[in-house]
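*Asks:* The structure under discussion is supplied below as structure tokens; questions concerning it will follow.
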Amino acid sequence: MFSRYRDDLESEFDATVPLMPAAGEVRGLYSMLRYHMGWADAQGSDVDSPSSQGKALRPTLCLFACEALGDKWRRGLPAAAALELVHNFSLIHDDIQDGDVERRHQPAVWSVWGQPQALVAGNAMRSLADLAALRLTRRGVSPEKAVGASLLLTNGYLEMTMGQCSDLAFEGRLDIGLDDYLQMVSRKTGALIRCGMEMGALIASDDPEEVRAFSRCGSRLGRAFQIRDDILGIWGDQGATGKSVGNDIRRKKKSFPVVYALSVAPDPARDRLREAYSRETLDDECVQDVLGLLDELNVAKYAERMTREQADLALKEVDSVSMPGWAREEIRLLTEFLAARQY
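At position 229 of the sequence shown (counting the first as 1) the number is 230 in this note's numbering, and the numbers step up by one without a gap.
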């Protein structure tokens, strides 16, 4: 699925974030954007083998939904590009909020140009996303559907921002339940994944129920994606993820494994977890203690089961949708990948 759309997506991304001929500050702005996308170095010079970094999951889902429902998937390319730009705007800002100095094996934008410049770059990326979505009519999409897709995108990144706000608020709390967590990730991570499938379905189909089914499928996939991400943030292989074992514990993130552990641990173990997460910083010994507690509670096994459950529910959401056999098989393989990925 990913390889089928890759070349066209690369071309659409490149056209959406152009190399500006202007000199001075404006050129510097676009240099930051192209650097973040993996097309230029920190000096603004094009790299020898430019390619977008990351999985391009959201735009791929958009084009897949469009094709699965019988439309020419290239009509959805502007929407797909818009989704990827919104996702990348959020990554630029996330790195500032989290203090992450590296993104995709290179220095983060803010660590090269500073936080104020990176904030501006993220805002510009979001504006380019809005413009990209409005170009759907050039691909033959009706004005009504183009406006509808644009509204989905705007609501999607507003919801994503609300989820990010909740995530930041959770950092200072120890009373977060699983329902709180699932609502947060449904917004922070699930909103754009849902939006991708919903936009693609809207472009291709005139049946509101088909659009809603793909929307619900995207919501479930978003949950599965984030829970798997949380598993990798604690137990993932450093060679694949680029993060050390226990990285999310060291950062005191209220990820699914920790929230679940706090909800099921007996009092002595819960007290130890609360004490650890109340510290200013967690040293290696404390991280190992938390890892030991999670192992005692079989948290990893439960988190993997929840990931699989959400992936299975995602498939069920589109059971009633009429799709060709290849499309049904591809979405099955996609859910398998998302539930078991190592990076």
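Cβ atoms here follow ideal geometry from the backbone N, Cα and C, with glycine treated the same way.
1. Please decide whether lysine 253 counts as near chain D, where near means a Cβ-Cβ distance under 8 angstroms.
2. Spatial neighbours of arginine 140 within its chain, please: CB distance less than 8 angstroms, with the 5 preceding and 5 following residues excluded, ordered by chain position.
3. Does the region 55 to 66 come into contact with the region 85 to 105, if we say contact requires no fewer than three beta-carbon pairs (one atom in each stretch) closer than 8 angstroms?
4. Alpha carbon to alpha carbon, what distance is there between glutamine 165 and aspartate 349?
5. What did DSSP end up calling alanine 266 once you bin it into helix, strand or coil?
6. Whether or not the region 100 to 116 and the region 25 to 44 are in contact is what I'm after, with contact meaning three or more pairs of Cβ atoms, one per stretch, closer than 8 angstroms; do they touch?
7. Mark serine 32 as exposed unless 16 or more other C-beta atoms lie within 10 angstroms of its C-beta, in which case mark it buried.
8. Have a look at Pro19, Glu276, Thr282, Asp208 and flag the residue whose alpha-carbon is nearest the alpha-carbon of valine 322.
9. Note down, in chain order, each residue of its chain lying with its Cβ closer than 7 angstroms to the Cβ of valine 300, except the 5 sequence neighbours on either side.
10. Which ranges does the alpha helix (DSSP H) cover as unbroken runs of at least 4 residues, wholly within the region 176 to 220, from first to last along the chain?
11. Determine the contact status of glycine 55 and arginine 105, defining contact as a CB-CB distance below 8 angstroms.
12. Going by Cα to Cα distance, which pick from Arg136, Met307, Pro267, Gly219 is closest to leucine 335?
13. Which of the three DSSP states, helix, strand or coil, is assigned to glutamate 103?
14. Would you mind stating whether methionine 200 and leucine 153 have Cβ atoms separated by less than 8 angstroms?
15. Is leucine 179 near serine 256, with beta carbons less than 8 angstroms apart?
16. For the alpha helix (DSSP H) holding threonine 138, just list the boundary residues, first then last.
17. List the endpoints of the continuous alpha helix (DSSP H) containing methionine 402.
18. Beta carbon of alanine 83, beta carbon of alanine 130: below 8 angstroms?
19. Taking the Cβ atom as the reference point for each residue, do leucine 298 and alanine 341 lie within a distance shorter than 8 angstroms?
20. Less than 8 angstroms between the beta carbons of leucine 193 and isoleucine 250, yes or no?
21. Using the DSSP secondary-structure output, state which residues sit across from aspartate 47 in a beta bridge.
22. Would you call tyrosine 344 buried or exposed, if buried means 16 or more other Cβ atoms sit within 10 Å of its Cβ?
23. Name the DSSP beta bridge partners of proline 108, please?
24. Which residue comes first and which comes last in the alpha helix (DSSP H) that contains arginine 75?
25. Thinking just about the alpha-carbon of each residue, which of Met126, Asp285, Gly223 is nearest to the one in methionine 307?
26. Quick check on glutamate 13: buried or exposed, where buried means 16 or more other Cβ atoms within 10 Å of its Cβ?
27. Looking only at C-alpha atoms, which of Asp99, Thr162, Thr155 sits nearest to valine 186?
28. Using C-beta distances below 7 angstroms, list every residue in its chain close to isoleucine 93, excluding the 5 sequence neighbours before and after it, in chain order.
29. Select from Gly115, Pro19, Tyr303, Ile235 the residue whose C-alpha is nearest the C-alpha of alanine 133.
30. Do alanine 150 and leucine 159 come within 8 angstroms of each other at the CB atom, strictly closer than that value?
*Replies:* Working from what's here:
1. Here chain D cannot be found, since the structure has a single protein chain.
2. So the qualifying residues of the chain are Arg75, Arg76, Gly77, Leu78, Pro79.
3. In short, these stretches touch, since the Cβ pair count reaches three.
4. The displayed coordinates of the chain run from 2 to 344. Any statement about residue 349 would go beyond what the structure contains.
5. Annotated three-state conformation of alanine 266 is coil, per DSSP.
6. Three or more Cβ pairs drawn from the region 25 to 44 and the region 100 to 116 lie within less than 8 angstroms of each other, which places the two stretches in contact.
7. Its Cβ being crowded by 16 or more others within 10 Å, serine 32 is buried.
8. Here the closest residue by C-alpha is Asp208.
9. So the list reads Pro258, Tyr261, Ala262, once near-sequence residues are dropped.
10. Restricting attention to alpha helix (DSSP H) runs no shorter than 4 residues, the region 176 to 220 encloses them at 179 to 189, 191 to 205, ordered along the chain.
11. Against a cut-off of 8 angstroms, the Cβ pair of arginine 105 and glycine 55 comes out as a contact.
12. The shortest C-alpha separation from leucine 335 is found at Gly219.
13. Assigned with DSSP and collapsed to three states, glutamate 103 falls in strand.
14. Yes, they are a contact pair.
15. No, the pair does not count as a contact, with Cβ atoms beyond the cut-off.
16. Counted as a single uninterrupted DSSP element, the stretch harbouring threonine 138 is not any alpha helix (DSSP H), since DSSP gives it neither H nor E.
17. Lying before the first or after the last residue shown, residue 402 is absent from the chain, which here runs from 2 to 344.
18. Against a cut-off of 8 angstroms, the Cβ pair of alanine 130 and alanine 83 comes out as a contact.
19. For leucine 298 and alanine 341, no; Cβs fall outside 8 angstroms.
20. Result no, Cβ atoms of leucine 193 and isoleucine 250 do not sit closer than 8 angstroms.
21. Ala41, per the DSSP bridge assignment.
22. Looking at its Cβ environment, which holds fewer than 16 other Cβ atoms inside 10 Å, tyrosine 344 is exposed.
23. Within the DSSP bridge table, the entry for proline 108 names Glu103 as partners.
24. Counting along the chain, arginine 75 falls outside any alpha helix (DSSP H), and DSSP gives it neither H nor E.
25. For methionine 307, the nearest C-alpha among the options comes from Gly223.
26. The residue is buried, with at least 16 neighbouring Cβ atoms inside 10 Å.
27. The alpha carbon of valine 186 has as its nearest neighbour, out of Asp99, Thr162, Thr155, the alpha carbon of Thr162.
28. Once the five neighbours on either side are set aside, the close Cβ partners of isoleucine 93 are His37, Val110, Ala119, Ala122, Gly123, Met126.
29. Minimum Cα distance to alanine 133 is reached at Pro19.
30. With a cutoff of 8 angstroms on beta-carbon distance, leucine 159 and alanine 150 are scored as not near each other.
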